[in-house]
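K.L.:
Below is a structure I'd like to ask you about.
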Amino acid sequence: MKHIPSLLLLLVCQLLSAQQFRYVQAESGLVVRDKPSLSSTRLGKLAYGEKVMVLNFTGIQLSILDEGKTIKGEWYQVSGKSQKGYVFSGFLTEDCVFSLATAEKPRWGSLHEERPFLNYLSNHFKTVGKQYDLKYGEFNPNNICGYTQEYEQNITYTISETCTEGGGLIEEIIFPKLRRKHIMEWVEKIHSFSPENPHNIWKEGDSKFEPKEAIPGCYYEIDEQKDATTVRKYCGC
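Using mature numbering (1 follows the signal peptide of the UniProt record, and there is no 0), the letters of the sequence shown map in sequence onto residues -18 to -1, 1 to 219.
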């Protein structure tokens, strides 16, 4: 009898280690059904990037035609934040899918009002380490006008503000790789927080979001790398 607690602990550890997690990589979300069949009842949807625990690998194979490509997989029984049921494994991945949370409007008069990138990161991520690459004002060497700060999930933030007489406010975030559609929607949301700025449009293959004419305002640029997505914002003349 004295060995029962130890056996129970061992069993719990084995169960935890055997847990399998996946992430939703379908941009429009992943349908959850009550049975492993396309004709079964739809229970809801899992969001893009959502983490789910696999409860059962059914072994029931399935192929789906998506945008001209055949995707093969099987039915998994999974449990997410608010949904539990059966999903198609072809739209799941073992790698963490980075997704953007909804950007919030900075409080009027707050330090972050003119720094919406910084406001977003402060609301959703913790800093990692100290600020570095400090930059000082041209006319006031004691004034820090720019720096770089690391955040969790491999995010890097850089700001440079009026370091020279003719300078403007520049913010830059390096995110993990993001879908172009999602970062464009995020940029548009950020820009909407400044109604006094002119109406922006997408230019140069949807890589720049800026005023239609060359006038003072906020200019955004998206730069996609292999494993990262960089977005920059410049506000000024």
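All residues carry an ideal CB built from backbone N, CA and C; glycine is no exception.
Small disclaimer: the values here were computed from a predicted structure and weren't measured.
#1: Quick check on E167: does DSSP put it in helix, strand or coil?
#2: Determine, using beta carbons only, whether F73 and A29 come nearer to each other than 7 Å.
#3: Which class does P98 belong to by DSSP, given the choice of helix, strand or coil?
#4: If you draw a straight line from the C-alpha of A196 to the C-alpha of G150, how long is it?
#5: So, helix, strand or coil for I197, using DSSP?
#6: For the stretch 23 to 42 against the stretch 97 to 110, are there 3 or more C-beta pairs whose distance is under 8 Å?
#7: In this structure, does DSSP put S174 in helix, strand or coil?
#8: Thinking C-beta only, is K194 closer than 7 Å to E203?
#9: Could you name the residues that DSSP lists as bridge partners for R4?
#10: Leaving out the 5 sequence neighbours to the left and right, which residues in its chain are closer than 8 Å to N124 when beta-carbon positions are compared?
#11: If you run the structure through DSSP and keep just helix, strand and coil, what is T211?
#12: Have a look at the DSSP bridge pairing and note the partners of C217.
#13: Can you tell me whether R161 is helix, strand or coil according to DSSP?
#14: Excluding sequence positions up to five away, which residues of its chain have a Cβ less than 6 Å from the Cβ of D16?
#15: Nearest CA to the CA of G187: which residue from R162, F175 and E170?
#16: Can you give me the start and stop residues for the beta strand (DSSP E) that V13 sits inside?
P.N.:
Working from what's here:
#1: On the sequence shown, position 185 is the one that residue 167 refers to. In the structure shown, the three-state DSSP call for E167 is helix.
#2: The count along the sequence shown starts at 1 and reaches residue 73 at position 91. The count along the sequence shown starts at 1 and reaches residue 29 at position 47. Contact: no.
#3: Counting from 1 along the sequence shown, the entry for residue 98 is found at position 116. Three-state result, P98: helix.
#4: The residue you call residue 196 lines up with position 214 of the sequence shown. The residue you call residue 150 lines up with position 168 of the sequence shown. Between A196 and G150, the C-alpha separation is close to 15 Å.
#5: On the sequence shown, residue 197 is found 215 positions in, with the first residue counted as 1. I197 falls in the coil class under three-state DSSP.
#6: Because the criterion of three Cβ pairs below 8 Å is not met, the stretch 23 to 42 and the stretch 97 to 110 do not touch.
#7: Position 192 of the sequence shown, counted from the start, is the residue given in the question as residue 174. It is helical.
#8: Translated into positions along the sequence shown, residue 203 becomes position 221. Translated into positions along the sequence shown, residue 194 becomes position 212. No, the Cβ-Cβ distance between E203 and K194 is not below 7 Å.
#9: Translated into the one-based positions of the sequence shown, residue 4 becomes position 22. R4 pairs with V34.
#10: To locate residue 124, count along the sequence shown from 1; it is residue 142. The residues are Y118.
#11: By one-based count along the sequence shown, residue 211 stands at place 229. If DSSP states are grouped into helix, strand and coil, T211 belongs with the strands.
#12: Position 235 of the sequence shown, counted from the first residue, corresponds to residue 217. According to DSSP, C217 shares a beta bridge with L151 and C200.
#13: Numbered from 1 along the sequence shown, position 179 holds the residue referred to as residue 161. In the structure shown, the three-state DSSP call for R161 is coil.
#14: In the sequence shown, residue 16 corresponds to position 34, counting from 1. Short of 6 Å from the beta carbon of D16, and not among the five residues preceding or following it, lie these beta carbons of its own chain, in chain order: S22, T23, L25 and G67.
#15: Indexing the sequence shown from 1 puts residue 187 at position 205. The candidate whose alpha carbon is nearest that of G187 is R162.
#16: On the sequence shown, position 31 is the one that residue 13 refers to. First-last of the beta strand (DSSP E) with V13: L12 to R15.
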